[in-house]
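For our numbering, add 539 to where a residue sits in the sequence shown, where the first one is 1. All residues carry an ideal CB built from backbone N, CA and C; glycine is no exception. The structure under discussion appears below in the form of structure tokens.
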Amino acid sequence: MIDDYQEAMELMNKMKNCLPIPVYPSKRFVSLLEQRNIKLKTNQRLEIIDVHYLGDEGGISCTLEFPFKTEESYVISLTHLRPMPNHLLAKDLRKYQIHRIRNLAQQ
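This is the structure in structure tokens:
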């Protein structure tokens with residue numbers, strides 16, 4: 540099992556109570572967007588506007604709002620986002636990300 544389901548649900552509830560949550564994109568996410576001709580920098584602020592649990596395989600995923608208009612909606616794993624260090628949930632988000640990445644690496 541990759542996630543502790545109960546902990547993931549608790550974190551999602553905390554996140555839903557704090558929406559929108561400001562985050563930065565990871566380098567990997569920026570690269571994926573470049574392939575779709577969307578220019579974004581790793582220091583550009585995005586906002587999580589909704590959260591979803593996609594099961595143990597998908598984990599916590601986030602619907603994002605960009606600082607510019609996009610034709611499509613983007614839902615991405617929380618592991619591809621960097622929480623702002625001063626955000627109320629920053630520690631909890633990082634803890635989840637580290638735990639999930641470690642567990643994925645072990646599989």
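task: Give the straight-line distance between the Cα atoms of L571 and S612, rounded to the nearest whole angstrom.
output: 14 Å
query: Hey, out of L593, R633, I541, whose CA is closest to V614's CA?
result: L593
task: Give the DSSP bridge partners of R575, in chain order.
output: In the DSSP output, where bridge partners are listed per residue, R575 has none listed.
task: Inspect the beta-carbon positions of V590 and M554 and report whether they are closer than 7 Å.
output: yes
field: Sequence-distant residues of the same chain with beta carbon closer than 7 Å to I640, five excluded per side
entry: T618
query: Which partner residues of D589 appear in the DSSP bridge assignment?
result: T602
message: Within a Cβ cutoff of 7 Å, which residues of the same chain sit near L550, ignoring the five residues on either side of it in sequence?
response: I599, D631, Y635
field: CA nearest to the CA of L585, picked from Q574, M548, N576, R621
entry: R621
message: Here's a check: name, in chain order, each residue in its chain whose Cβ is nearer than 7 Å to the Cβ of P627, leaving out the five neighbours to either side.
response: The sequence as given places Leu at residue 627; Pro does not occur at that position. Correct list, in chain order: C557.
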